[in-house]
Amino acid sequence: MMRYDISPETDSIDIKIIEELTKNSKITCKDLSDRVNLSIPRVYERTKKLEERGIIAGYHAEIDLKKLGYGIHAFILVKTDKYVGDMFHTLKEMEYVHDLWVLSGEYHYMLEVYVKDISNLNNLAADLYSRIGRTQTVLVMEH
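Counting from 1105, one number per residue, gives the positions in the sequence shown under the numbering used here.
What follows is the structure, given as structure tokens:
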């Protein structure tokens, strides 16, 4: 798990709040106050300030995609001769693409994909290859 350091924007209590919310974004203010040794109103106030400053950008559900039938998790690296910015939204909207990054270096994009089976992955890789050119697929073995 990532460790957060104190910065000009935060103190040790803010860091404890961030760490607890990272572990469980549905934690109650009462439980959070117990864990950081602060009153409920102070925890609420600090959490709101972290949200207002954009340090806490949102709260998200963690979905187990395997339980929804997406048994293969992979990253596809993409190298293109086309202008990098032109492809971003096209790639982001492709079926099975969970997340997308623009990279520096040999490859221009990294797509995080979840597919139901190897056939889906092969079809996606073939589609990318026909549209763009060079790709490299890396399977996630454990996460």
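From the three backbone atoms N, C-alpha and C, an ideal C-beta is built for every residue, glycine too.
Does residue i pass the burial test, meaning 16 or more other C-beta atoms within 10 Å, or should it be called exposed?
{"i": "arginine 1150", "result": "buried"}
{"i": "leucine 1172", "result": "exposed"}
{"i": "valine 1206", "result": "exposed"}
{"i": "tyrosine 1067", "result": "For the chain, the structure presents residues 1105 to 1247; residue 1067 sits outside this window and is missing."}
{"i": "isoleucine 1167", "result": "exposed"}
{"i": "lysine 1120", "result": "buried"}
{"i": "histidine 1247", "result": "exposed"}
{"i": "tyrosine 1213", "result": "buried"}
{"i": "tyrosine 1163", "result": "exposed"}
{"i": "histidine 1193", "result": "exposed"}
{"i": "isoleucine 1180", "result": "buried"}
{"i": "tyrosine 1233", "result": "exposed"}
{"i": "alanine 1161", "result": "exposed"}
{"i": "alanine 1178", "result": "buried"}
Less than 9 Å between the C-beta atoms of residue i and residue j, yes or no?
{"i": "threonine 1239", "j": "lysine 1183", "result": "yes"}
{"i": "leucine 1169", "j": "histidine 1202", "result": "yes"}
{"i": "lysine 1134", "j": "isoleucine 1122", "result": "no"}
Residues bridged to residue i by DSSP?
{"i": "aspartate 1203", "result": "Glu1216"}
{"i": "isoleucine 1144", "result": "Looking at the DSSP assignment, isoleucine 1144 forms no beta bridge with any residue, so it has no partner."}
{"i": "histidine 1177", "result": "Tyr1218"}
{"i": "arginine 1238", "result": "Lys1183"}
{"i": "tyrosine 1243", "result": "Here residue 1243 is leucine; the residue named in the question, tyrosine, does not match the sequence. Beta-bridge pairing links leucine 1243 to Ala1178."}
Using only CA atoms, which one of the options lies nearest to residue i?
{"i": "lysine 1287", "options": "Gly1175, Thr1194 and Asn1227", "result": "Residue 1287 is absent from the structure shown; the chain starts at 1105 and stops at 1247."}
{"i": "glutamate 1124", "options": "Pro1112, Asn1141 and Ser1111", "result": "Asn1141"}
{"i": "threonine 1114", "options": "Ala1165, Ser1137, Glu1197 and Ile1159", "result": "Ile1159"}
{"i": "asparagine 1128", "options": "Arg1107, Leu1195, Leu1154 and Ala1165", "result": "Ala1165"}
{"i": "arginine 1146", "options": "Ser1111, Ile1131, Ile1117 and Thr1126", "result": "Ile1117"}
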